[in-house]
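**Student:**
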DNA sequence: GCCAACGTTGGC
DNA sequence: GCCAACGTTGGC
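Numbering (my numbering), first residue to last: 16 to 160.
1) When the Cα atoms are used, what is the spatial distance from residue 81 to residue 72?
2) Please go through the same chain and pick out, in chain order, the residues whose beta-carbon is closer than 8 Å to the beta-carbon of residue 143, but skip the five residues on each side of it.
3) Taking 7 Å as the cut-off, decide whether the C-beta atoms of residue 85 and residue 91 are in contact.
4) Given a threshold of 16 other Cβ atoms within 10 Å of its Cβ, counted over all protein chains shown, does residue 27 qualify as buried or as exposed?
5) Looking at C-alpha atoms only, which residue of 148, 67, 140, 115 is the closest neighbour of residue 131?
6) How is residue 147 classed by DSSP in three states: helix, strand or coil?
7) With DSSP as the reference, label residue 34 as helix, strand or coil.
8) Cα-Cα, which of 70, 101, 88 is closest to residue 153?
9) Curious, which full-length beta strand (DSSP E) runs of at least 3 residues does the segment 57-96 contain?
10) Can you find the residues in the same chain that come closer than 7 Å, C-beta to C-beta, to residue 155, ignoring five residues on each side of it along the sequence?
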C-alpha cells in the first residue's frame, strides 16, 4: 500500500497505531480493500513520491471494509460530489501499525532482487496504489532488512 | 519540471 | 460503445 510520507508516513501510523486508509480514489485499489482484504492480512507500507522511495514497514488490516468518510467532506481534497451516504462510492479498511523497518528498502534495491522480478508494484508504469504481494515476495522482503 | 502510462470524462 | 482530451501518479 503506497502512501506519500509527507501526507501519511510509517511514523504517522506508528504514532496513531491504527488509521483508516483514506483517500483512495481508484476503483481497482478500492476493490482491493473492499473485496480482497481480510482482517489480519499483513501489508507492506510503501513510501512514494519522496526522497527515499521504497518499503518502510509493515501494517495489518484491522477492520472490515467500510465507507471512507472523506468522500463527504465538502471542503476536503477527497470530496466526491457523486457519493451519497446511502450509496457511498469509496470504501476503505483500517490499517494497524506492526513494525517500522530499520531502513527504508529502496525501490532500486527491490528492482535488483530476482525473487521480486514479477512483483506487481515493480512493473514498469504501475501506478496502482494498492497491489497484491505473494507470500514468497513478502518473506523475501523481510529478509532484506 | 518532465514525461510515460494510465484512468476518467463526456460528446457523439 | 468509441475515443479524444484531459487529469493524475510517481519515478527520475
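Glycine is no exception: its CB is placed at the ideal position from the N, C-alpha and C atoms.
**Tutor:** Once the coordinates are examined:
1) Taking the first residue of the first chain as 1, we reach residue 81 at position 66. Taking the first residue of the first chain as 1, we reach residue 72 at position 57. Put simply, the backbone Cα of residue 81 is about 24 Å away from that of residue 72.
2) As a first step, residue 143 must be located in the first chain, where it is residue number 128. So the list reads 41, 43, 44, 135, 136, once near-sequence residues are dropped.
3) As a position in the first chain, residue 85 is number 70, starting the count at 1. As a position in the first chain, residue 91 is number 76, starting the count at 1. Yes, the pair counts as a contact, with Cβ atoms nearer than the cut-off.
4) Walking along the first chain from the start, residue 27 turns up at place 12. Exposed, by the Cβ-count rule.
5) Here residue 131 is taken as the residue at index 116 of the first chain, counted from 1. It is 148.
6) The residue given as residue 147 occupies position 132 in the first chain. The answer is coil: DSSP assigns residue 147 none of H, G, I, E or B.
7) Position 19 of the first chain, counting from 1, holds the residue named residue 34. Correct three-state label for residue 34: strand.
8) Counting from one through the first chain, the residue named residue 153 turns up at place 138. Among 70, 101, 88, the Cα nearest to that of residue 153 belongs to 70.
9) Fully enclosed beta strand (DSSP E) runs of 3 or longer: 57-62, 69-76.
10) The residue labelled residue 155 in the question sits at position 140 within the first chain. Here the set comprises 128, 130, 131.
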